[in-house]
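**Q**
Number of protein chains: 2
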Amino acid sequence: MQTTSALSSLRRWLQENRLDGMIVPRADPWQSENSAPHDDKLAWLTGFDGSAGLALVLPDRALLFVDGRYQVQARLQVNTDAFEIHHLHNEPLAQWLQENVAAGSRIAFEPLLMTNAEYALLAATPCQLTPLEASPFDTLWHDRPAAPAGEIREMMLAVSGESSAEKRQRVAQRLAEAGVDYLAITLPDNIAWLLNVRGTDVPMNPVPLSFALLSRSGEVEWFVAQAKLRTLPASVLEGVTVSPQEAFVDRCRELSAGRRVWLDENAAPVALRFAIEPQGEILWQADPITFMKAIKNPVELAGYRECHLADGAAWVNFLAWLSREVPQREADGNPLTELEAEDRQLAFRQQQAGFIEPGFSTISAAGSNAAMCHYHSSEATSLPLNRDQFYLNDSGGQYQNGTTDATRTLAWGKVTPQQRLHYTAVLKGFLALIGLQFPSGTHGHQLDAFARQPLWALGLDYDHGTGHGVGHQLLIHENPQRIAKKVNPWPLVAGSIMTIEPGYYQEGSHGIRIENQVEIVDSAPGFCRFASLTLIPIDLNQVELNLLSDREKQWLDEYHQRVREALSPRVESDARPWLFAATAPIRVQGS
Amino acid sequence: MQTTSALSSLRRWLQENRLDGMIVPRADPWQSENSAPHDDKLAWLTGFDGSAGLALVLPDRALLFVDGRYQVQARLQVNTDAFEIHHLHNEPLAQWLQENVAAGSRIAFEPLLMTNAEYALLAATPCQLTPLEASPFDTLWHDRPAAPAGEIREMMLAVSGESSAEKRQRVAQRLAEAGVDYLAITLPDNIAWLLNVRGTDVPMNPVPLSFALLSRSGEVEWFVAQAKLRTLPASVLEGVTVSPQEAFVDRCRELSAGRRVWLDENAAPVALRFAIEPQGEILWQADPITFMKAIKNPVELAGYRECHLADGAAWVNFLAWLSREVPQREADGNPLTELEAEDRQLAFRQQQAGFIEPGFSTISAAGSNAAMCHYHSSEATSLPLNRDQFYLNDSGGQYQNGTTDATRTLAWGKVTPQQRLHYTAVLKGFLALIGLQFPSGTHGHQLDAFARQPLWALGLDYDHGTGHGVGHQLLIHENPQRIAKKVNPWPLVAGSIMTIEPGYYQEGSHGIRIENQVEIVDSAPGFCRFASLTLIPIDLNQVELNLLSDREKQWLDEYHQRVREALSPRVESDARPWLFAATAPIRVQGS
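Chains as they are written, first to last, in full-length UniProt numbering: chain A, 1 to 591; chain B, 1 to 591.
(1) Based on Cα-Cα distance, which residue from A/PRO131, A/ALA120, A/GLU99 lies nearest to A/LEU112?
(2) Name the one or two DSSP bridge partners that A/ARG482 has.
(3) Select from the region 509 to 539 of chain B all residues with a C-beta closer than 9 Å to any C-beta belonging to chain A, and list them in chain order.
(4) Decide if B/TRP284 is buried, meaning its Cβ has at least 16 other Cβ atoms within 10 Å, or exposed.
(5) DSSP on A/ARG576, reduced to helix/strand/coil?
(6) Could you tell me the distance, in whole angstroms, from the CA atom of B/HIS443 to the CA atom of A/PRO208?
(7) Going straight from the alpha carbon of A/VAL316 to that of A/TYR391, what length do you get?
(8) What do you reckon, is the C-beta of B/ARG75 under 6 Å from a heavy atom of the ligand ZN?
(9) Report buried or exposed for A/SER163, applying the criterion of at least 16 other Cβ atoms within 10 angstroms of its Cβ.
(10) Please state the DSSP three-state secondary structure of B/TYR504.
(11) Only counting the same chain, and skipping five residues up and downstream in sequence, which positions put a Cβ closer than 8 Å to that of A/TYR559?
(12) In chain order, what residues of the same chain lie with their CB nearer than 6 Å to the CB of B/SER35, ignoring the 5 residues before and after it?
(13) Under the three-state reduction of DSSP, which class applies to A/CYS307: helix, strand or coil?
(14) Do you know offhand how far A/TYR70's Cα is from A/GLU84's?
(15) Per DSSP, B/ASP394 forms a beta bridge with which residues?
(16) Report yes if the CB atom of A/VAL78 is closer than 7 Å to the CB atom of A/THR46, and no otherwise.
(17) Is A/PHE438 close to chain B? Criterion is C-beta to C-beta, closer than 7 Å.
(18) With DSSP collapsed to three states, give me the class of B/PRO203.
(19) How would you write the range of the alpha helix (DSSP H) that A/THR46 sits in, first residue to last?
(20) Under a three-way DSSP split, which group does B/VAL242 fall into?
(21) Mind listing the chain B neighbours of A/LYS485? Cutoff is C-beta to C-beta under 7 Å, in chain order.
(22) Can you give the beta carbon distance from B/PRO25 to B/LEU42, rounded, assuming they're within the 8 Å contact cut?
(23) Does the pairing of the region 331 to 343 of chain B with the region 370 to 387 of chain B give three or more beta-carbon distances under 8 Å?
(24) Where B/ALA314 and B/ILE191 are concerned, what is the direct C-alpha to C-alpha distance, given to the nearest angstrom?
(25) Ignore the nearest five residues each way along the sequence and tell me which others in B/GLY471's own chain have a CB closer than 7 Å to its CB.
(26) Out of B/VAL588, B/GLN389, B/GLU515, B/LEU410, which has the shortest C-alpha to C-alpha gap to B/ALA451?
(27) Strictly below 7 Å CB to CB, what residues from chain B border A/ASP461?
(28) Bridge partners of B/GLU154, per DSSP?
(29) What does B/TRP456 reach in chain A if we use C-beta pairs closer than 8 Å?
(30) My guess is that B/ALA172 and B/SER217 are in contact by the Cβ rule of under 8 Å, so how many angstroms apart are they, rounded?
(31) How many Å lie between A/THR499 and A/ASP394 at the Cα?
(32) When you compare the CB positions of B/GLY441 and B/GLY396, do they come within less than 7 Å of one another, or not?
(33) Can you confirm whether A/ALA371, when its beta carbon is compared against all beta carbons of chain B, has any partner nearer than 7 Å?
(34) Given that B/SER549 touches chain A, what residues does it touch there, using C-beta distances under 7 Å?
(35) Does the CB of A/MET1 have a neighbour CB from chain B at under 7 Å?
(36) Just to confirm the assignment, what range does the alpha helix (DSSP H) spanning residue 593 of chain A have?
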């Protein structure tokens, strides 16, 4: 539980600066899903370390707003005598300010940490929103971690497939078409793509935290700490001017006089609006790189396919090892733990050529832990793996030539009949979606329900999206396409990489998810289909085979044949018998 | 082909009034899908009588803008020496004005015929849009049909299920919640619902063309021609002030001083904005009645179910008659025609108690005519019905207690193997959607693809929506819910009435559509399903039965059993053998 000294020191600072309050968001300047410890002021202030939320600090009250996922966690981590916990979406900050804060109250905020849309909502309240020139946390937070200074490496043409010069010309062309002079790039994965570089500021998120400006003639000014560039070949910086990261907003101010600047409507900090609006014009629209980057080129696609062979081999080695260890260790009265499994899996991945690091925090969840969608094991929570309970593993790797993300749920003995039914429904949803042929340009929200329908038929559902984009040695959740209930305006087209991952979760009991990463490929004229990149056997021991159609069985048999043929030369010899058994045709397995 | 005297007279009038042009839309003041001859200035001016489009008349050029459906028809009906034909969506009027008309040109328009959204687009061009106080067509169009004066009848409580007074209180409550003083009701079907009346201004569209104002205290001022009320019981007008239709806009002007008025964002004429904005405030939002009306009450639902029994019996009498007539007449060398079939079907409907009139123009289409989605037979186009070709019939009725809409496609001999495959795919899509259980509040765009998937698997699709709402003795296309590719923001909830109607069309060859009307009913907790209102056998003679799953066959058998049991007491005795054969279980039919 956090002490309240951070809160006291912030309140003193507010008083000294004649401010009536301050908004402290979880967000960093890049609206990152995973940010650096340096940027986690919210955890310093409140103790809450979830991935989304914000605090409002007033002289006499302090509030923490978190979403539905974090209501329990926040109450465990935060001193609730000091902080009231509110719901981020059901009781949004703007509404709370409207109803509870006196008109004209000076509420401070850091304009680099707030998007324009967030600002617009808050600016409509009667508060006087007061942008700060400098962050108070540099002085108040005594042991603040240093800003990350991770080295930036080159992404060679042999893996990126297109030179940075060509990419810059393609994007510059888009600026010309839109009648725009500059694109202010505030999304680090878009900078990584444009410049063919990768960063190491935040583990498992290989983006270079920085900003960039691209002019209509294709020139780039890169606002990045020099320290990060020390091992970067000079050739990468051809046609690129390097400036300090801190110079970015002022540079936008100077450059924009009488000019038109393109800002990403979803992520650009409102600081840029304040800088540009007085003398320049803004085009608020999605950064064009976001969708260009989503259509992978043939070299990138080949890289994804290749690294999935390596990752598939690591998975099979791991699953074969589990099939020996789980029953043995359970029989020995010393059952395997979630953390042991996670460690062993990492070791198997590290044996693979091209492996860099995990792509995200592994979910290694046994029994009831798997019912928590975003669970991560710790010594305190790690459960034993038992033959007769589901074990869910959602993991992936950053490889030199791509990124992997897959989930398998399995058991080695017999789960309950109800759990078999749930597993079969999740599998049928997975098969319904992954087997679709659909018109090119269809949207994710048009297809999402195929993955849910077998659960819906049982009166069940799952409360997360069905699929997301995956970056090319970049972010594990890559925009813009999504397959989910929520409307997504971006079309699914050939060359995009997605996941397909329906699940089902019964609190306190079990969790099931089956996830393949797929590429979207052309099929019949005007139509696309999903082609699996993931090559990992799907556990059929827990399936009610009589509920599968002939077509579903055929898909599984063909998939397993492909997995067997692709991986048998690559897996360890003691894993090969398991691979052959796990990928045998259903008529053999089912007999 | 139209002569150009109307165009000449309009041009003279423009010159006399120092105007540089005029916009003449197909729209009437209610943005009706089907309007009265009185309102069809566009047909008078151009000869084009399609249901959507607009003309721009300039001193030296005249343009007709029509959508993709009407490109061919417009060229047939319009003198293309006088009118250039443009594409309504690909080359919109606003863009054409921007690029071709001198800044400041005075372009006239009737503000009662244009929505606010349309006006906003045009007002952004450099033209000087000039609203007209009075319509020039009253004088220029010498033989203009009189404004419709159809009698308005009462919708008795026994069929409406809720008194107008109760409805007014419910809507007034919504105004209070929204902080609004008046609701300006410009959608005639919403007036019909609110006042429990039906009109006869336009055949098959039983809405009273009129306007209304509802105050926050539940009082109604109804702007309607007195002549329409001559047979309406005085009790219907309790709490209602009647004023001339022409007084509506001025009344909005007077009432709105310092007040807030709710206008439908999609349909309200911009004339109201001009009238209210100078001294009042406008809430632009969907008329709240639109969604309240979409949730039918138990009495309305019982009415729908009841009238579908009558309509089903008429269908079975008709289909049994066809099964005798088509082969006989073909053998006699005097085949039945589309128009004969349509007439006979109407006669069967007219035998049913409660039948008022057709719900819409029947589509009675044989062979290649069915490939045109919006085809209507005429002496010139009517084709013979042949045993070995598909015949498509899309028809319905206005009944005292509801409205029906259904489509069946059938043949009496053998269609081609490809046509069987297409028919089977359409049927499988129909079954996939109609058999779904889905969370209450799901949107149509999330479910639409289920109806398309079997066609998608063949690389095929259809270019229309999958389902629409149906009014209660009201409009055949009732807002707001839709099942279509396009995003629809309104949730599907229990009590709503929809159609499910996938199809497939191969130009010059054949057209297939299978349509049931359904109500949405509660099922598992939090879930809904579709329950068929339509009771008409589905032709299984043209189905590849080996492509149907056991579940699909079970649905068909259960449906047919329900149809047989519900209709056998109601159909003519010589239709009963056909009904029994057409609804026999698949194992019997397939043998």
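We put the CB at the ideal spot given by N, CA and C, even for glycine.
**A** The relevant details are as follows:
(1) Cα-wise, what sits closest to A/LEU112 is A/PRO131.
(2) Bridge partners of A/ARG482: A/HIS468.
(3) From the region 509 to 539 of chain B, only SER523, ALA524, PRO525, GLY526, PHE527 have a Cβ closer than 9 Å to chain A.
(4) Exposed is the call here.
(5) Residue state, collapsed to three classes: helix.
(6) Taking the straight line from one Cα to the other gives about 40 Å.
(7) Approximately 15 Å between the Cα atoms of the pair.
(8) In the structure shown, the ligand ZN is absent, as is every other ligand, since no ligand is present at all.
(9) With fewer than 16 other Cβ atoms within 10 Å, it is exposed.
(10) Strand, per DSSP.
(11) The residues are SER532, ILE538.
(12) Result list for B/SER35: ASP28, in chain order.
(13) It is helical.
(14) Roughly 14 Å between the two C-alpha positions.
(15) Looking at the DSSP output, B/ASP394 shares a beta bridge with B/ILE363, B/THR407.
(16) Against a cut-off of 7 Å, the Cβ pair of A/THR46 and A/VAL78 comes out as a contact.
(17) For A/PHE438, the nearest CB of chain B lies under 7 Å from its own CB, placing it at the interface with that chain.
(18) In the structure shown, the three-state DSSP call for B/PRO203 is coil.
(19) For A/THR46, the uninterrupted alpha helix (DSSP H) run begins and ends at 41 to 46, by DSSP.
(20) Of the three classes helix, strand and coil, the one that applies to B/VAL242 here is strand, per DSSP.
(21) Here the neighbours are GLN446.
(22) The pair is a contact, with the Cβ atoms about 7 Å apart (cut-off 8 Å).
(23) In this structure the region 331 to 343 of chain B lies against the region 370 to 387 of chain B, because at least three pairs of beta carbons, one per stretch, are closer than 8 Å.
(24) Roughly 31 Å separates the two Cα atoms.
(25) Around B/GLY471: ASP189, THR403, GLU478.
(26) Considering only alpha carbons, the answer is B/GLU515.
(27) Those within 7 Å of A/ASP461 in chain B are PRO439.
(28) B/VAL197.
(29) What B/TRP456 touches in chain A: LEU436, GLN437, PHE438, PRO439, PHE527.
(30) Between B/SER217 and B/ALA172 the Cβ distance is about 6 Å, and since that is below 8 Å, they are a contact.
(31) Each residue's Cα considered, the two are about 12 Å apart.
(32) No, the Cβ-Cβ distance between B/GLY441 and B/GLY396 is not below 7 Å.
(33) Chain B contact via Cβ: absent.
(34) Within chain A, the residues placing a beta-carbon under 7 Å from that of B/SER549 are SER549, ordered along the chain.
(35) Interpretation of A/MET1 is limited by its pLDDT of 49, a score under 50 that renders its predicted location unreliable; no figure is taken from the coordinates.
(36) Past the edges of chain A, shown from 1 to 591, lies residue 593 of chain A, and the structure says nothing about it.
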